[in-house]
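Keeping their order, the protein sequence lines are chains A and B. Numbering that gives the first Met the number 0 numbers the first residue of the first sequence as 0 and each following residue consecutively. Numbering that gives the first Met the number 0 numbers the first residue of the second sequence as 0 and each following residue consecutively. C-beta atoms are modelled at their ideal positions from N, C-alpha and C, and glycine is treated no differently.
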Amino acid sequence: MEAFLVGLIAATLRVATPLILGTLGELFSERSGILNLGIEGTMFLGAFTGFAVAYTTGSLWLGLLAAVIAGVLAGLLMGLLTVTLGVNQHVSGLGITLLTTGISLFLYRVIFGERSVQPSIATFTKVSPFGDTPILGPIFEQYLLTYIAIALVPLVWWVLYRTSFGLHLRAVGENPEAADAAGINVFRIRYLALAIGGGLMAAGGAFLSLAQLGSFIFGIIAGRGWVCIALIIFANWLPSRVLWGALLFGGVSALQLRLQSTGAQLPYELFLALPYLVTILALVLAGRSATAPAALLKPYRRE
Amino acid sequence: MPKLKIERYPAPLWVRPLIPIISIVVTFLLTSLVVLSLNKNPFEAFYYFLIVPLASQSSAIEVLVKSTPLLLTGAAVTFAFSAGYYNIGAEGQLLAGAIAAAGLGMVLQNVPPVLAIPIMIVGGFAAGMAYAAIPALLKTRLDVDEVVTTLLLNTVILFFISFLLNGVWRSPVSGWPQSPEIAESAIFPRLIPRTRLHLGFLLAWISIGAVWLVFRRTVLGLRMRAVGMGKEAARFAGVKVEQTMLTAALISGGIAGLAGVSEVAGIHYHLIEAISNNFGYTGIIVAMLGALNPLGVSLAALFLGLLDTGAQTVSRAMGIPIYLGNIVQSALLLITLAALVLQNYRIRRE
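Right, here's the structure in full:
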């Protein structure tokens with residue numbers, strides 16, 4: 000039982016990592032007033048770019064950096080469409096997801112061709128701050144990126160609530176007219192928020208290819224981006240709750256994996272679907288009291 | 000860098016039909032860069048992409064085959080979006096229709112086609128509707144955002160299909176994760192012998208026509224457009240907003256379900272996990288390119304069907320990965336969205 004729980008908690012942290020990164024990225028976008036449905040594709044692009052660059056240069060960190068840059072570019076493209084041109088955010092975001100997914104699939108074939116053996120890389124190694132200590136040792140034997148993701152939660156909180164950039168960002172998301180009148184550059188803030196957000200989403204995707212898998216498969220993101228969109232509502236747009244939401248989803252996913260391996264008599268697909276169903280249930284329960292940024296989905300134009 | 004600003008300036012009417020054409024040209028200019036970076040000739044690529052598929056009768060018919068599911072998902076998305084209901088779940092509703100078609104098709108052995116085929120069509124429509132009902136009810140009763148729930152449910156039903164295909168429906172013949180074949184009498188008849196063009200194509204045009212008819216000739220269509228233009232204004236005018244959205248969402252799901260029936264009964268004859276090649280999401284591109292107008296939507300679906308066929312031709316002939324087609328389609332969407340802004344605004348130096 001103890002080994003089961005220790006393994007479950009360790010796996011929960013691992014599964015939650017890309018969700019924490021992706022949801023924090025989405026948080027920046029949405030707090031500035033832009034719903035970025037490009038997240039699923041941006042995570043996919045991050046996973047691909049990270050893998051391709053790490054494979055060709057031999058450096059995992061370069062791979063991660065390249066992924067983040069690609070994510071920033073995807074965020075800026077979203078900015079061009081929704082901030083500058085004021086295009087419908089739902090459709091722009093989905094378009095970006097389709098475009099970044101297409102680009103990644105295309106480049107993967109160009110670079111790696113069709114191979115019978117999946118190309119792979121040596122992944123990031125785990126760090127183990129507690130060494131062989133029972134319980135704590137195995138729980139905290141995690142990838143560095145997991146620690147970075149968790150550390151980002153208070154950092155994002157600090158940025159949003161304790162810096163002038165964060166104040167401006169929230170103001171722009173709540174009331175762009177008032178923010179503009181107060182001399183805040185609405186357009187610049189939104190572009191910055193989308194760029195930071197895109198970088199974080201891509202890092203979440205890169206975690207999967209560079210740390211967890213060591214390869215790039217076409218189903219690598221498998222709807223995690225959409226889960227992040229749901230987690231934002233679950234978290235009521237608050238950074239601290241992002242962590243709890245991601246851990247809850249991660250926990251259900253990890254439990255599902257473990258129950259499978261214990262030979263539970265239920266179809267494993269039910270367990271795979273369970274986190275999604277729980278997320279919808281959570282939306283029903285939490286979504287009703289949720290308070291979205293007031294300017295979310297509304298393009299802003301100076302006339 | 001000069002400061003640019005965007006200001007309201009409605010374009011003259013004659014510009015509007017040009018917008019899709021400008022978008023297509025810009026898209027192909029940008030995609031040329033991709034082709035050039037592979038050291039291949041973009042003119043040759045576009046020849047295989049756009050001309051070769053239309054050059055022979057058999058491949059031109061294949062374009063119609065490829066456009067069939069896109070006509071249906073495009074019509075489905077158009078129907079919901081027009082009522083301001085963002086149904087991103089056509090993919091999942093298509094899969095629900097496909098499951099129903101495969102299931103019914105298997106049990107309809109020894110039933111004459113005149114009965115079997117309508118049963119499958121009605122069953123697939125109902126399945127798509129039922130799957131669309133979950134997010135639609137959550138939206139209209141509990142105000143849960145439909146974009147998120149439809150996206151999540153797209154993934155959920157994939158797991159359900161995987162469960163079916165790896166379990167009760169696993170083909171006893173091949174052992175592959177695919178369902179047993181549907182009864183011969185449940186297979187859609189061919190519209191043109193010795194081609195893959197099947198009854199689904201006709202079904203698709205009937206659906207497009209029905210969407211047009213509802214929009215232009217019924218009270219429901221009027222209410223839908225009122226809600227789509229502004230919920231509060233529509234409510235003020237006495238429209239039952241929630242009920243209208245629910246109806247639009249359900250019919251939208253039903254049409255998407257038909258796309259699943261069409262793929263199962265017209266093309267594959269059994270259920271496979273890859274029964275939808277992202278048709279639900281491409282339907283969103285189709286609907287937006289067609290400006291939520293039935294005529295525009297049908298043109299857009301035919302054009303994207305051409306791009307699907309062209310991606311295969313260019314891949315075979317020049318060794319360019321088939322995913323170039325995905326890039327062209329999604330780039331076309333984004334560029335059109337950007338270009339449509341020019342309908343009402345212009346960019347000027349400040």
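Item: Which of the three DSSP states, helix, strand or coil, is assigned to S163(A)?; Value: helix
Item: Are the C-beta of T290(A) and some C-beta of chain B separated by less than 8 Å?; Value: no
Item: Could you tell me the alpha carbon to alpha carbon distance between Q328(B) and N343(B), rounded to whole angstroms?; Value: 24 Å
Item: Thinking M200(A) and G45(A) are a contact (beta carbons under 8 Å), I'd like their distance in whole angstroms, please.; Value: 7 Å
Item: Closer than 9 Å between beta carbons: that is the criterion. Which residues of the region 304 to 317 of chain B meet it against chain A?; Value: none
Item: Would you mind stating whether A82(B) and M287(B) have Cβ atoms separated by less than 8 Å?; Value: no
Item: Provide the residue span of the alpha helix (DSSP H) that contains A82(B), from first to last.; Value: Element bounds for A82(B): n/a, residue is neither H nor E.
Item: With a Cβ-Cβ cutoff of 8 Å, do I87(B) and V24(B) count as a contact?; Value: no
Item: Does any residue of chain A bring its CB to less than 8 Å from the CB of T154(B)?; Value: yes
Item: Is DSSP giving Y8(B) helix, strand or coil here?; Value: coil
Item: For the region 158 to 182 of chain A, which residues have a CB atom closer than 7 Å to at least one CB atom of chain B, in sequence order?; Value: none
Item: Do the CB positions of Q391(B) and A10(B) come within less than 8 Å of each other?; Value: Look at the range of chain B in this structure, 0 to 349, and you will see that residue 391(B) is not part of it.
Item: Looking at chain B, which residues of the region 272 to 287 of chain A have a Cβ within less than 7 Å of any of its Cβ atoms?; Value: A272, Y275, L276, T278, I279, L282, V283, G286, R287
Item: Can you round the beta-carbon distance between I232(A) and L282(A) to whole angstroms, since I take them to be within the 8 Å contact cut?; Value: 6 Å
Item: So A255(B) packs on A54(B), CB below 8 Å; how close in whole Å?; Value: Rounded, the Cβ-Cβ distance is 32 Å, inconsistent with contact.
Item: Output needed for L143(A): all residues of its chain with C-beta closer than 6 Å, excluding positions within five of it in sequence on either side, in chain order.; Value: V126
Item: Is the CB-CB distance between R240(A) and L159(A) below 8 Å?; Value: no
Item: Leaving out five residues on either side along the sequence, give the residues of the same chain with a beta carbon under 6 Å from the beta carbon of T100(A).; Value: G40, F43
Item: Quick check: the region 250 to 266 of chain B against the region 180 to 197 of chain B, are at least 3 beta-carbon pairs closer than 8 Å?; Value: yes
Item: Taking a Cβ distance cut-off of 8 Å, strictly less, list which residues of the region 220 to 252 of chain A are near chain B, in chain order.; Value: A221, G222, W225, V226, I228, A229, I232
Item: Please check if any C-beta of chain B sits within less than 8 Å of the C-beta of Y299(A).; Value: no
Item: Can you list, in chain order, the residues of its chain with a C-beta nearer than 8 Å to that of A330(B)? Leave out the 5 residues immediately preceding and following it.; Value: T26, L29, T30
Item: Applying a beta-carbon distance threshold of less than 9 Å, which residues of chain B neighbour L144(A)?; Value: Correct list: empty, because the minimum Cβ distance to chain B is about 24 Å.
Item: For G252(B), return the contacting residues in chain A, with the cut-off set at a CB-CB distance below 8 Å.; Value: Simply none; closest approach about 16 Å.
Item: Does chain B have any CB closer than 8 Å to the CB of R108(A)?; Value: yes
Item: Taking all protein chains shown into account, do 16 or more other C-beta atoms lie within 10 angstroms of the C-beta of P188(B), making it buried, or fewer, making it exposed?; Value: exposed
Item: Any C-beta of chain A sitting closer than 8 Å to the C-beta of M0(B)?; Value: Annotation note: pLDDT 49 at M0(B) (below 50); position unreliable, coordinate value reported separately. Cβ-Cβ to chain A under 8 Å: no for M0(B).
Item: If you draw a straight line from the C-alpha of A99(B) to the C-alpha of N165(B), how long is it?; Value: 17 Å
Item: Under 8 Å, Cβ to Cβ, is there at least one residue of chain B near E311(A)?; Value: The structure shown does not extend to residue 311(A), since chain A is modelled only from 0 to 302, so the question has no answer here.
Item: Taking the Cβ atom as the reference point for each residue, do F200(B) and L63(B) lie within a distance shorter than 8 Å?; Value: yes
Item: Using Cβ-Cβ distances below 9 Å, what residues of the region 140 to 152 of chain B are close to chain A?; Value: L141, D142, V143, D144, V146, V147, T148, L150, L151, L152
Item: Looking at the structure shown, is I110(A) part of a helix, part of a strand, or coil, going by DSSP?; Value: helix
Item: From L223(A) to V67(A), what distance separates their C-alpha atoms?; Value: Before going further, note that residue 223(A) is Arg rather than Leu in the sequence given. In a straight line, the C-alpha of R223(A) is about 17 Å away from that of V67(A).
Item: If the cut is a Cβ gap below 7 Å, which residues of chain A does A330(B) touch?; Value: L98
Item: Let's see if you can read the secondary structure: which residues bound the alpha helix (DSSP H) around W225(A)?; Value: 223 to 233
Item: Does K138(B) pass the burial test, meaning 16 or more other C-beta atoms within 10 Å, or should it be called exposed?; Value: buried
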